[in-house]
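Undergrad:
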Amino acid sequence: DTGVSQDPRHKITKRGQNVTFRCDPISEHNRLYWYRQTLGQGPEFLTYFQNEAQLEKSRLLSDRFSAERPKGSFSTLEIQRTEQGDSAMYLCASSFVPRGTDTQYFGPGTRLTVL
Amino acid sequence: DQQVKQNSPSLSVQEGRISILNCDYTNSMFDYFLWYKKYPAEGPTFLISISSIKDKNEDGRFTVFLNKSAKHLSLHIVPSQPGDSAVYFCAASVGGGAQKLVFGQGTRLTINP
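Protein chains in written order, with the numbering used here: chain A, 1 to 115; chain B, 116 to 228.
1. Is the closest heavy atom of the ligand SAM to the C-beta of residue 124/B under 7 Å?
2. Taking beta-carbon pairs under 7 Å, can you tell me which members of the stretch 118-138 of chain B lie near chain A?
3. Can you tell me where the beta strand (DSSP E) with residue 176/B in it begins and where it stops?
4. Taking the alpha-carbon positions, what's the residue 20/A to residue 186/B distance?
5. For chain B, find out if any of its Cβ atoms is closer than 8 Å to the Cβ of residue 103/A; answer yes or no.
6. Which residues in chain A have a C-beta closer than 7 Å to the C-beta of residue 219/B? List them in chain order.
7. How do the stretch 150-165 of chain B and the stretch 186-201 of chain B stand: do at least 3 beta-carbon pairs fall below 8 Å, yes or no?
8. Do you know offhand how far residue 36/A's Cα is from residue 88/A's?
9. Per the contact definition of three or more C-beta pairs closer than 8 Å, is the stretch 130-144 of chain B in contact with the stretch 56-68 of chain A?
10. Please decide whether residue 95/A counts as near chain B, where near means a Cβ-Cβ distance under 8 Å.
11. Is the stretch 210-218 of chain B touching the stretch 28-47 of chain A, taking contact as three or more C-beta pairs under 8 Å?
12. On the three-pair Cβ rule with 8 Å, is the stretch 64-82 of chain A touching the stretch 7-21 of chain A?
13. Could you pull out every unbroken beta strand (DSSP E) segment of at least 3 residues lying fully inside the stretch 127-166 of chain B, listed in chain order?
14. In its own chain, which residues sit with a C-beta less than 6 Å from the C-beta of residue 190/B, not counting the 5 before and 5 after it?
15. Answer yes or no: do residue 146/B and residue 219/B have a C-beta to C-beta separation smaller than 8 Å?
16. Who are residue 191/B's beta bridge partners in DSSP?
17. To the nearest angstrom, how far is the alpha carbon of residue 227/B from that of residue 192/B?
18. Can you name the residues of chain B whose CB is closer than 9 Å to the CB of residue 74/A?
19. If the cut is a Cβ gap below 8 Å, which residues of chain B does residue 45/A touch?
20. First and last residue of the beta strand (DSSP E) that includes residue 207/B?
21. By the three-class DSSP mapping on this structure, what secondary structure does residue 118/B have?
22. Who are the near neighbours of residue 148/B in its chain, counting only those whose CB is closer than 6 Å to its CB and skipping five residues on each side?
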């Protein structure tokens, strides 16, 4: 069990550019979640997948944001035409859910800075 | 609409004493609650959880108490150690921890030697 990994750890981009982040969940975890955390706040839910199916999207996820989990393993989060307000820590978590309760384990995050 | 609130932004406790972190929630549909610890530049680390069918859960130095009538939960750390200094987040979920988590704003705990 190597834990949840995220790449890159840091990304600096100019306003208007597109960025893509990757998350590799704990192996065999069937659920994968994306959250966003801004300074002084707790993480806010963005979206989650069960295997390759995207089950829920937050209203925070504008049409500039898209997430995929094509083979039910790793996931990507793309932000198009970045804005300064997109600057935040993007966190990925995974869990294994046969049914009932389970714990979400988080990766180290990708810190995005939009200049 | 802040459904989960941690009203103390910071807490300072002497090493060896008890640390008590508090969390309030408004959504009565929440049925699973978790505490996470976060160090700078790292993701949140899971500490302990509790289902709404229980009112207490213990794991080593950590105990979580749930008061459903007051919509309040607390995390007790006994004894507090310097390595406990971090930001602590409470989180809540509807339908068990498998659903999206709603987090509080966090409490920065500092353990003084």
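Ideal placement from N, C-alpha and C gives every residue a C-beta, glycine not left out.
TA: Result, derived from the coordinates:
1. This structure does not include the ligand SAM; it has no bound ligands of any sort.
2. Within the stretch 118-138 of chain B, no residue qualifies.
3. Mapped onto the second sequence, residue 176/B falls at position 61. In the DSSP annotation of this structure, residue 176/B is not part of any beta strand (DSSP E), being labelled neither H nor E.
4. One-based indexing of the first sequence puts residue 20/A at position 20. One-based indexing of the second sequence puts residue 186/B at position 71. Just so you know, the alpha carbons of residue 20/A and residue 186/B end up roughly 39 Å apart.
5. For the purposes of this step, residue 103/A is taken as the residue at position 103 of the first sequence. Yes, contact with chain B.
6. Position 104 of the second sequence, counting from 1, holds the residue named residue 219/B. Those within 7 Å of residue 219/B in chain A are 42.
7. Three or more beta-carbon pairs drawn from the stretch 150-165 of chain B and the stretch 186-201 of chain B are found closer than 8 Å, and the two stretches are therefore classed as touching.
8. As a working note, residue 36/A is residue 36 in the first sequence. As a working note, residue 88/A is residue 88 in the first sequence. The straight-line gap from Cα to Cα measures roughly 7 Å.
9. Not touching, per the Cβ criterion.
10. To locate residue 95/A, count along the first sequence from 1; it is residue 95. By this cut-off, residue 95/A is an interface position.
11. With the cut-off at 8 Å, the stretch 210-218 of chain B and the stretch 28-47 of chain A touch.
12. With a cut-off of 8 Å, the stretch 7-21 of chain A and the stretch 64-82 of chain A count as touching, because enough Cβ pairs lie within range.
13. Complete beta strand (DSSP E) runs here, min 3: 134-140, 147-153 and 160-166.
14. Taking the first residue of the second sequence as 1, we reach residue 190/B at position 75. Within its own chain, the residues whose Cβ lies closer than 6 Å to the Cβ of residue 190/B, once the five positions on either side in sequence are excluded, are 136, 150 and 179, listed in chain order.
15. Position 31 of the second sequence, counted from the start, is the residue given in the question as residue 146/B. Position 104 of the second sequence, counted from the start, is the residue given in the question as residue 219/B. Residue 146/B places its beta carbon 8 Å or farther from that of residue 219/B.
16. Within the second sequence, the letter at position 76 stands for residue 191/B. Residue 191/B has 135/B and 178/B as its beta-bridge partners, per DSSP.
17. Translated into the one-based positions of the second sequence, residue 227/B becomes position 112. Translated into the one-based positions of the second sequence, residue 192/B becomes position 77. Whole-angstrom Cα-Cα distance: 14 Å.
18. As a position in the first sequence, residue 74/A is number 74, starting the count at 1. Against residue 74/A, chain B offers no close residue; the least beta-carbon distance is about 16 Å (beta-carbon pairs closer than 9 Å).
19. Locating residue 45/A in the first sequence gives position 45, where the first residue counts as 1. Near residue 45/A (Cβ distances below 8 Å), the residues of chain B are 215, 216 and 217.
20. As a position in the second sequence, residue 207/B is number 92, starting the count at 1. In the DSSP annotation of this structure, the continuous segment of the beta strand (DSSP E) that includes residue 207/B starts and ends at 201-208.
21. The residue you call residue 118/B lines up with position 3 of the second sequence. Here residue 118/B sits in coil by DSSP.
22. The sequence position of residue 148/B within the second sequence is 33, counting from 1. By the criterion of a C-beta distance shorter than 6 Å, residue 148/B is surrounded in its chain by 165, 188 and 207, once the five residues flanking it on both sides are discounted.
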